[in-house]
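Per this note's numbering, the very first residue in the sequence shown carries number 399; after that it's consecutive. We put the beta carbon where it would ideally sit given N, CA and C, even for glycine. Because the structure is a prediction, the values reported are computed rather than measured.
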Amino acid sequence: RVVLRVSAEISGPCVLGWWRPTVLLPASLITGLPIEHCEALLAHELAHIRRHDYLVNLMQRWVEVVFFYHPAVWWLSHRVSEERELCCDDAAVAACGNRAGYAGALVELARQRRPLTAPQGALAAGGGSLRRRVARLLGHPAGRRGGSVMLAAGVLLLGLTLAGLSLGTQPLLAPQIPAPSTAAAPAPVA
């Protein structure tokens, strides 16, 4: 059972709670969008509840806190958040049956957003790049990431790392100082 509430203090739809989840919709959304757009955005939020994304998000934040120093954890966390939003986008499209309509709802929601007046919850989702999400929904290539660029950057980074490691294992060349000759020392002068 999901409770639906309207608030003037938020700028976009969000889900609060896990035992009795509540979907909060901004008041401007209800009055400013066609009913089809509201239904599509609501379907997106319900997909988050159905998929139990609060648990994934909680675990993700815990890993970020424990491994705060590791850049791969931050990259992976960002990717997980993006994929979670894309999965819920797909569920919303399946529910409303109109990709272009849902993409239009996302764009219209972004137009209506205003600066936040209330603090966001710690477990709020990041949302991902709107441009990429809309392009993906409409099937444009701009919605896909450049895999070859990422591969080239990874290979370059790996090459530089290996070069640094190989230089670090080479012994430093010390200057060669000739050893004193073992010839007889000169006799002391009297």
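Tell me where the alpha helix (DSSP H) around Ser426 begins and ends. Reading the sequence shown from its first residue, position 28 is the one you call residue 426. Ser426 -> alpha helix (DSSP H) spans 425-430.
Cα-Cα, which of Pro424, Leu528, Val404, Glu407 is closest to Gly502? For the purposes of this step, residue 502 is taken as the residue at position 104 of the sequence shown. Measuring from the Cα of Gly502, the nearest candidate turns out to be Leu528.
Which of helix, strand or coil does DSSP assign to Arg399? Translated into the one-based positions of the sequence shown, residue 399 becomes position 1. It is coil, neither helix nor strand.
Determine, using beta carbons only, whether Gln458 and Val478 come nearer to each other than 7 Å. Working through the sequence shown from its first residue, we reach residue 458 at position 60. Working through the sequence shown from its first residue, we reach residue 478 at position 80. Note that the C-beta distance between Gln458 and Val478 is below 7 Å.
Confirm, please, whether the CB-CB distance from Leu431 to Val404 is below 7 Å. Sequence index remark: in the sequence shown, residue 404 carries index 6 (1-based). Sequence index remark: in the sequence shown, residue 431 carries index 33 (1-based). Taking 7 Å as the Cβ cut-off, Val404 and Leu431 do not qualify as a contacting pair.
Using the Cβ count rule (16 or more neighbours within 10 Å means buried), how would you classify Gly410? In the sequence shown, counting from the first residue as 1, residue 410 sits at position 12. Answer is buried; the Cβ neighbour count reaches 16.
So for Gln518, helix, strand or coil by DSSP? By one-based count along the sequence shown, residue 518 stands at place 120. Reliability of the predicted coordinates at Gln518 is poor, the pLDDT of 49 falling under 50, and the value obtained from them is presented with this limitation in mind. In this structure, Gln518 counts as coil in the three-state DSSP scheme.
Among Val491, Val505, Ala551, Pro469, which residue has its Cα nearest to the Cα of Leu444? Position 46 of the sequence shown, counted from the first residue, corresponds to residue 444. That would be Val491, whose Cα lies nearest to the Cα of Leu444.
Other residues of its chain near Ala489: CB distance less than 6 Å, five sequence neighbours each side excluded: The residue labelled residue 489 in the question sits at position 91 within the sequence shown. So the list reads Ala445, once near-sequence residues are dropped.
His476 burial status per 10 Å Cβ neighbour count (16 or more: buried): Stepping through the sequence shown from its first residue, residue 476 is reached at position 78. It is exposed - the Cβ of His476 has fewer than 16 other Cβ atoms within 10 Å.
Should Gly499 and Glu437 be called a contact, given that it needs their Cβ atoms to be closer than 7 Å? Taking the first residue of the sequence shown as position 1, residue 499 is located at position 101. Taking the first residue of the sequence shown as position 1, residue 437 is located at position 39. No, the Cβ-Cβ distance between Gly499 and Glu437 is not below 7 Å.
Would you identify the three-state DSSP class for Val421, choosing helix, strand or coil? Counting from one through the sequence shown, the residue named residue 421 turns up at place 23. Here Val421 sits in strand by DSSP.
I need the DSSP call for Val471, collapsed to helix, strand or coil. Position 73 of the sequence shown, counted from the start, is the residue given in the question as residue 471. Here Val471 sits in helix by DSSP.
Residues in the same chain with beta-carbon distance under 8 Å from Trp417, minus the five sequence neighbours each way, listed in chain order, please. Residue mapping note: residue 417 aligns to position 19 of the sequence shown, counting from 1. There are no such residues.
Measure the alpha-carbon distance for Val587 versus Leu563 and round it to whole angstroms. In the sequence shown, residue 587 corresponds to position 189, counting from 1. In the sequence shown, residue 563 corresponds to position 165, counting from 1. Whole-angstrom Cα-Cα distance: 56 Å.
On the CB-based measure, 16 or more other CB atoms within 10 Å of its CB, does Glu483 come out buried or exposed? Within the sequence shown, residue 483 is the residue found at index 85, counting from 1. Under this definition Glu483 is a buried residue.
Using a Cβ-Cβ cut-off of 8 Å (strictly less than) and excluding sequence neighbours within five positions of Val589, which residues of its own chain qualify? In the structure as shown, the chain begins at 399 and stops at 588. Residue 589 is therefore absent and cannot be evaluated.
Any idea what DSSP makes of Val587, helix, strand or coil? As a working mapping, residue 587 is identified with position 189 in the sequence shown. Here Val587 sits in coil by DSSP.
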